[in-house]
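Everything in the sequence shown is counted per my numbering, starting at 545 for the first residue and increasing by one. Note that CB positions come from ideal geometry on N, CA and C, so glycine has one too.
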Amino acid sequence: MVSLTYRALADQLWSLSMESGLTTDFFEESLSANAANLEAIRAIDTGLGLLKGSIGDIAGAAAEADDKLGSADGAAASALGSMTAGSQALSAMDARFSVFVSVFKRVAESIDRIDGALRSIEEISELTNLLSLNAAIEAARAGIHGKGFKVVANEVKTLAAKSKDLTDLAAGLLKELRAGMTDAHSGITAIDEGKAELSKRMAASQEDLSESSKAIAGAVSNMKDIRQALITQTQSSSNIADSMDELSESAKLLTENTVLIRGNISRQKSSGSAVQAAARALKASMSELNAALSDLLSGGAACLETVAIAHDVSYPPWVYISEGQSAGIAIEAAKRIFDDEGLFPEFRPEQFADALNDLLARRIRIVANVGWPNDFLADKPVIPSKPFATFRPAVFARDALAAGLRSLKDLKGKRVAAQKGSYVVDCLKGSGCDIIVTENDLEAFAAVIWGRADCAITERLVGQFLTANYFSDKLVPCFETGDELNVVFLLGKEDLELKAALDARIQDPACAAWLKGLTKR
């Protein structure tokens, strides 16, 4: 009974030491993060100082821009007024031009009527000339009696000739006037077209100037708001800078105390390692004492042979510590197999690397719960038992990254945490990832939590247990690799007799059925 109590105490110390180590790692990361925070705070403080100066410069520039925009706004309003006055003057000129065009049309019509009257006068002149000719003929016939009539006829002829000359002169002048009127009409048409284009452009310019004036007015309003916001921002930056100074002092104080804290952490780690070593030694001593007492009490008669079995301290639900005792699927399997063989299993929880070293040094005879085949163990003087279960590796990551990790090809360039010497490392071959080696799966998951790794790989049931019990489900399963590895007991190469006994029990139909049911549970 005392022996069992001491064994439980040794296992409990192992579990406590492991969890203390995990807490220490978290605290160490916190201290490192604080040191980084101090540097970041100092950088932010410096940046805020520069920002404060820049904001002051910008505020000055904004004030100057505000003044210039105010002047531009006044100039735009004046230009818009001038443009409006010009538009009104153009409208008045258009009205006067319309009157001129109307008068010009009436003059053209009068010229046409004068031209018609001149043609009529010319016809009358020709008829008068003909009449004078007839009168001269009749006067000649009358002889002496027609002499006075001849004088009248000659005068009429002379008047007709003068009338024709004057008519021709008037027609010539009228022709020149008509030609001038035609040129004037072309000029008036060009002026009208130019006036229409000028009116159109002035309207467009007035509209553009109106929009520009509105935009400048809006810019003036916005610049005033910006100027006020910059003044407020300057005050806020000053307040933030003061707060950052206080925060920097606090972080500096904590950083200065970090030396003391790290010293305590280092001593705690050393104490934890010493406790683990003492626990192993205590358990080994109790096993030896138990064997000696059993031999003494039996009077030297034969008793159950004790077989030292090491296992990973935390690989639940396969192997772990529960209520101070080794527990899990592999532990239950070992108990059943060794009980059938009349052997007494003594379980020793430790890190896998330490367990392997103890096996190679023959301080133990078996390492339980090993994935096989395993390239890490290929050149080691070890042999596996027949498999009694199957591992299915899976990748775990934070929820934000999990959606992008759906297969091994997605691990290219990623940092993947994995336990040193674990079979899961073989599953990552060809993936192009960067493997972050840790002492155990707890540390692998912690590496993801603290950002030293992007994800971690372990057996799927192990990962589910660890994230639920140690990491508040902050890590989620991304995908299974598709690999299946045999779960075996690992022995020294020379321990062929014990291997044969184990293989026989594992392959026994009754035991095999029981083991199958155990893994299903």
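Closest residue to residue i among the options (Cα-Cα distance)
{"i": "Asn1030", "options": "Asp923, Asp709, Thr1063", "result": "Thr1063"}
{"i": "Glu737", "options": "Pro893, Arg909, Asp638, Gly1007", "result": "Asp638"}
{"i": "Ile732", "options": "Val643, Val851, Leu710, Ser654", "result": "Val643"}
{"i": "Glu849", "options": "Gly692, Leu1059, Asp884", "result": "Asp884"}
{"i": "Asp1027", "options": "Lys973, Trp1058, Asp1039", "result": "Lys973"}
{"i": "Lys1060", "options": "Ala874, Ile760, Leu945, Arg959", "result": "Ala874"}
{"i": "Ile775", "options": "Ile602, Ala1012, Gly957, Val939", "result": "Ile602"}
{"i": "Asp998", "options": "Val960, Leu1010, Gly976, Phe1033", "result": "Val960"}
{"i": "Val696", "options": "Ala683, Cys977, Asn901", "result": "Ala683"}
{"i": "Ser975", "options": "Asn673, Leu949, Glu876, Ser754", "result": "Leu949"}
{"i": "Thr702", "options": "Gly687, Leu674, Ala852, Lys1043", "result": "Leu674"}
{"i": "Trp994", "options": "Lys1018, Phe1009, Cys977", "result": "Lys1018"}
{"i": "Leu871", "options": "Ala852, Gly886, Phe891", "result": "Checking the displayed sequence, the identity of residue 871 turns out to be Ala instead of Leu. If we check each option's Cα against that of Ala871, Phe891 comes out closest."}
{"i": "Val1066", "options": "Asp923, Asp954, Gln632, Val911", "result": "As displayed, the chain neither begins before 545 nor continues past 1065, which places residue 1066 out of reach and without an answer."}
{"i": "Ala878", "options": "Ser676, Lys1043, Ala587", "result": "Lys1043"}
{"i": "Gln1008", "options": "Glu653, Trp862, Gly886, Ile784", "result": "Trp862"}
{"i": "Thr1011", "options": "Val939, Ala636, Glu876", "result": "Val939"}
{"i": "Ser743", "options": "Asp611, Asn678, Gln632, Arg657", "result": "Gln632"}
Residues sharing a beta bridge with residue i, DSSP
{"i": "Asn1030", "result": "Trp916, Thr934"}
{"i": "Val939", "result": "Ile1001, Phe1023"}
{"i": "Pro928", "result": "Leu1034"}
{"i": "Gln963", "result": "Thr982"}
{"i": "Leu887", "result": "Glu849"}
{"i": "Tyr864", "result": "Ala871"}
{"i": "Pro1053", "result": "Looking at the DSSP assignment, Pro1053 forms no beta bridge with any residue, so it has no partner."}
{"i": "Ile732", "result": "For Ile732, which the question treats as bridged, DSSP gives no partner whatsoever."}
{"i": "Ala854", "result": "Arg892, Val911"}
{"i": "Tyr859", "result": "Val863"}
Residues of its chain near residue i, where Cβ-Cβ distance is below 8 angstroms and the 5 sequence neighbours each way are ignored
{"i": "Asp1047", "result": "Ser929, Lys930"}
{"i": "Pro937", "result": "Tyr967, Val968, Cys971, Ile1001, Thr1002, Glu1003, Arg1004, Glu1024, Thr1025, Asp1027, Leu1029"}
{"i": "Gly1036", "result": "Leu903, Leu904, Arg906, Arg909, Pro925, Val926, Ile927"}
{"i": "Ile655", "result": "Leu718, Leu721, Arg722, Met725"}
{"i": "Gly941", "result": "First, the amino acid is wrong: residue 941 is Ala here, not Gly. Same-chain partners within the cutoff: Leu949, Val992, Asp998, Cys999, Ala1000, Leu1019, Val1020, Cys1022."}
Beta-carbon contacts of residue i that lie in its chain and below 6 angstroms, excluding the five residues immediately before and after
{"i": "Phe882", "result": "Pro889"}
{"i": "Ser765", "result": "none"}
{"i": "Ala714", "result": "Leu662"}
{"i": "Glu666", "result": "Thr711"}
{"i": "Ser622", "result": "none"}
Nearest-angstrom beta carbon gap, residue j and residue i [assumed within contact, 8 angstroms]
{"i": "Gly530", "j": "Phe932", "result": "Residue 530 lies beyond the residue range present for the chain, which begins at 545 and ends at 1065; the question has no answer from this structure."}
{"i": "His855", "j": "Pro917", "result": "Wrong, their Cβ atoms sit about 19 angstroms apart, outside the cutoff."}
{"i": "Tyr859", "j": "Asn913", "result": "6 angstroms"}
{"i": "Ala1056", "j": "Ile1050", "result": "7 angstroms"}
Close Cβ partners of residue i (< 7 angstroms) along its chain, the five nearest in sequence each way excluded
{"i": "Ser669", "result": "Ala704, Ser707, Lys708, Thr711"}
{"i": "Asp943", "result": "Val1020"}
{"i": "Ala946", "result": "Val1020, Cys1022"}
{"i": "Asp919", "result": "Asp970"}
Residue i at chain C interface by Cβ criterion, 9 angstroms
{"i": "Ser866", "result": "Protein chains in the displayed structure number just one, and chain C is not present."}
Check whether the stretch 1002 to 1011 and the stretch 975 to 982 are in contact - that is, three or more C-beta pairs closer than 8 angstroms. The count of Cβ pairs closer than 8 angstroms, one atom from the stretch 1002 to 1011 and one from the stretch 975 to 982, stays below three, leaving the stretches out of contact.
Does the structure place the stretch 719 to 732 close enough to the stretch 648 to 657 that three or more beta carbon pairs sit under 8 angstroms? Contact between the stretch 648 to 657 and the stretch 719 to 732 is present, because at least three Cβ pairs lie under 8 angstroms.
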